[in-house]
Every structure is written in C-alpha cells, then in structure tokens.
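All remarks here apply to the structure that follows.
Residue numbers (the UniProt record's numbering): 1 to 305.
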C-alpha cells in the first residue's frame with residue numbers, strides 16, 4: 001500500500017504531464033453568522049482514466065485534500081469502481097469573516113465577498129519547509145497584471161547553490177513564475193504575494209518561497225474581484241470546530257504542518273475547544289478518531305446546548 005508521502009511525490013511529478021482543465025474554485029452562498037459548515041458530504045465512484053487531479057477539478061476541491069480524505073489510494077491510478085470520499089464539505093475558519101482568510105494547514109484561501117453575498121474557496125500552494133508563509137493580518141497593497149519578478153537575494157542564493165543564475169528581473173511572460181496576476185501583501189518589505197503560476201504543479205502543496213500560489217484561472221477570478229486594500233488574514237489552524245444552530249458539533253482535522261519535513265507535529269487545541277470537547281454530550285471516541293485519522297473533512301462528534 002503506497003505511503004502518503006510517496007503518493008504526494010508521485011502525484012506531484014505526474015502533474016507535469018497533465019492537460020489543463022477547468023480551475024478548482026468552489027463557490028457557496030454566504031453562510032449565516034452562526035453557521036460554519038458548508039457543502040455536503042459526498043462520495044464518488046472512480047471511473048476508468050480518472051486521477052485525483054481530474055476528480056478535484058471536476059468537483060472544485062483541492063487534489064491534496066482528496067489524498068488527505070482517502071489515505072492509501074493511488075492518486076494517479078485509483079482503482080475503477082472504488083468509492084472515494086470527496087472533501088465537498090468544510091468548516092469556515094473561526095475568525096472574522098472579512099476579506100481574504102488563508103488557512104495554511106488546510107491549504108485553502110477563503111474570499112468573503114459580502115457585497116455579492118458569496119464565499120469563494122480556492123486551494124493554494126504555500127511556502128515550502130524552511131520558507132514558511134508568515135502568519136498575521138495584513139492587506140493587499142498592490143495589484144499587478146502581467147507582473148515582472150525581481151528575485152530577492154535569498155532566492156538568488158538558493159538558485160546559485162543549485163548552479164543556476166537568475167536575471168535581475170524576470171519579465172512578464174510564460175517564463176515568469178508569478179503567472180499573469182499578482183497581488184502584493186503588506187508583510188515584510190513587500191516580498192510576499194498572492195499570485196498565479198506558470199507551472200502545472202504546486203497547487204495544494206508546500207512549494208513556494210513563502211508566497212500564496214493559485215491556479216491561473218483561479219487567480220484571474222480572484223484578481224478581478226478583490227480590490228487593493230482588502231484585508232488578508234493568514235492563520236495556521238489544523239483543527240477547526242463549530243457548533244451549528246441546531247446544536248450539532250463538528251470537528252475538521254488536518255495534518256499539522258511540519259517545520260522540518262521529518263518531525264511529528266502535535267495537534268493542539270484551544271482552551272475553548274478543550275472546554276467544548278469535554279462536555280458529556282460529545283462522543284470522546286469520535287473525537288479521538290478524528291484526531292488520529294486527520295481526514296480533513298468535517299466529522300459530527302456530538303451535540304452542545
């Protein structure tokens with residue numbers, strides 16, 4: 001049975017040969033203030049010629065989220081006839097519902113379009129190990145179509161260590177790793193961007209130098225909707241919990257991000273989550289199972305008054 005790491009690496013390499021298909025974005029009506037669960041649980045029976053990447057595009061979810069929900073299956077050649085879990089349900093992060101929210105742990109970007117009363121959810125690529133995407137609240141300070149790329153000194157040093165030389169400025173065009181659209185964040189000295197890509201890989205993975213990377217068609221859509229000055233909140237919350245209006249209590253657990261690629265990260269719960277999960281109406285066995293399996297989809301674990 002293939003390992004999760006082996007699955008992801010094989011999947012990443014094979015995406016180099018995938019034909020471009022529709023983008024990954026999922027769109028939901030704006031949820032009520034006391035509602036957190038979006039979408040509905042669903043399954044899909046694998047057909048001949050399917051891969052997780054093709055299925056992900058078809059249903060507007062991230063390919064790595066499908067791998068997370070279906071451990072042990074080959075993401076490139078899942079057996080035809082196999083019923084797989086689709087991550088078509090999710091919990092909205094428990095933060096202010098304003099502007100853009102990026103949860104690194106789930107590799108998703110949320111855009112709260114309050115004027116249109118819609119919530120857009122995009123899978124993203126984030127900073128690779130050692131080049132973490134920063135956490136905190138900032139805003140979009142600049143938008144640029146057909147951006148040029150000026151590599152930082154750190155980027156130059158990393159390329160030089162691999163025997164590669166970067167030009168001072170990479171012009172707009174097919175060789176530009178920023179793709180066709182970029183939105184600059186207020187972090188640091190402006191080196192962090194939300195941008196597209198000129199590659200067929202990296203969405204839903206830790207592959208960037210700290211920027212947020214979107215599918216070309218997704219960044220084009222987001223770029224058109226989001227004005228400069230929009231708030232951007234970046235969080236790292238592998239455990240999301242929510243109480244619905246009828247009292248149902250859900251957990252959504254993702255594998256926590258590793259800082260070294262080898263260390264085992266321990267899931268931590270907030271004080272509020274610890275208090276809620278200690279209630280007698282919560283099924284402790286379901287909580288332990290969600291924390292152990294980390295399936296990345298909402299799990300009903302009990303009820304709260």
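Glycine included, every Cβ here is placed at the ideal spot set by N, Cα and C.
Would you check if the distance between the CB atom of residue i and the CB atom of residue j is smaller than 7 Å?
i	j	result
residue 179	residue 196	yes
residue 287	residue 69	no
residue 110	residue 124	no
residue 171	residue 148	yes
residue 91	residue 242	yes
residue 151	residue 135	no
residue 75	residue 67	yes
residue 294	residue 255	yes
residue 103	residue 212	no
residue 229	residue 118	no
residue 84	residue 44	yes
residue 141	residue 186	yes
CA-CA distance, residue i and residue j?
i	j	result
residue 42	residue 158	43 Å
residue 292	residue 302	17 Å
residue 107	residue 233	14 Å
residue 245	residue 253	21 Å
residue 144	residue 223	9 Å
residue 268	residue 249	18 Å
residue 251	residue 163	46 Å
residue 306	residue 273	This structure leaves residue 306 out entirely; the chain is present only between 1 and 305.
residue 114	residue 183	20 Å
residue 132	residue 82	36 Å
residue 95	residue 73	34 Å
residue 53	residue 65	10 Å
residue 128	residue 257	Because residue 128 carries a pLDDT of 49, less than 50, the predicted location of this residue cannot be relied on, and the following value inherits that uncertainty. For residue 128 and residue 257, the distance between alpha carbons rounds to 10 Å.
residue 188	residue 137	12 Å
residue 30	residue 284	31 Å
residue 156	residue 32	47 Å
residue 280	residue 271	17 Å
residue 282	residue 247	11 Å
residue 112	residue 126	20 Å
residue 36	residue 278	21 Å
residue 38	residue 116	17 Å
residue 161	residue 40	47 Å
residue 93	residue 34	12 Å
residue 146	residue 169	13 Å
residue 71	residue 194	30 Å
residue 153	residue 173	22 Å
residue 80	residue 51	10 Å
residue 202	residue 266	Here residue 202 scores only 49 on pLDDT, less than 50, and its place in the model is too uncertain to base an answer on.
Would you please state the rounded distance, in angstroms, between the beta carbons of residue i and residue j? I believe it to be under 8 Å.
i	j	result
residue 238	residue 105	4 Å
residue 59	residue 86	6 Å
residue 276	residue 304	6 Å
residue 28	residue 218	With 8 Å as the limit, residue 28 and residue 218 do not qualify as a contact, their Cβ atoms being about 15 Å apart.
residue 98	residue 231	5 Å
residue 56	residue 62	6 Å
residue 181	residue 220	6 Å
Got a sec: does the ligand PLP put a non-hydrogen atom nearer than 6 Å to the Cβ of residue i?
i	result
residue 52	The ligand PLP is not among the ligands present in this structure, which contains no ligands whatsoever.
So with Cβ pairs under 7 Å, would you call residue i a contact of chain C?
i	result
residue 65	Given the protein chain composition of this structure (a single chain), no chain C is represented.
- request: Note down, one range per segment and in chain order, each beta strand (DSSP E) of at least 3 residues found wholly within the region 266-293.
  value: Runs of the beta strand (DSSP E) inside the region 266-293: none found.
Secondary structure, beta strand (DSSP E): runs of 3+ residues fully inside the UniProt domain "L,D-TPase catalytic" (98-235): If we require 3 residues or more, the beta strand (DSSP E) runs fully inside the UniProt domain "L,D-TPase catalytic" (98-235) come out as 99-103, 108-113, 118-123, 136-145, 181-185, 193-195, 206-208 and 231-235.
task: Identify every run of the alpha helix (DSSP H) within the region 42-78, keeping only runs that are complete inside it and at least 4 residues long; order them along the chain.
output: The region 42-78 contains these whole alpha helix (DSSP H) runs: 52-59 and 63-69.
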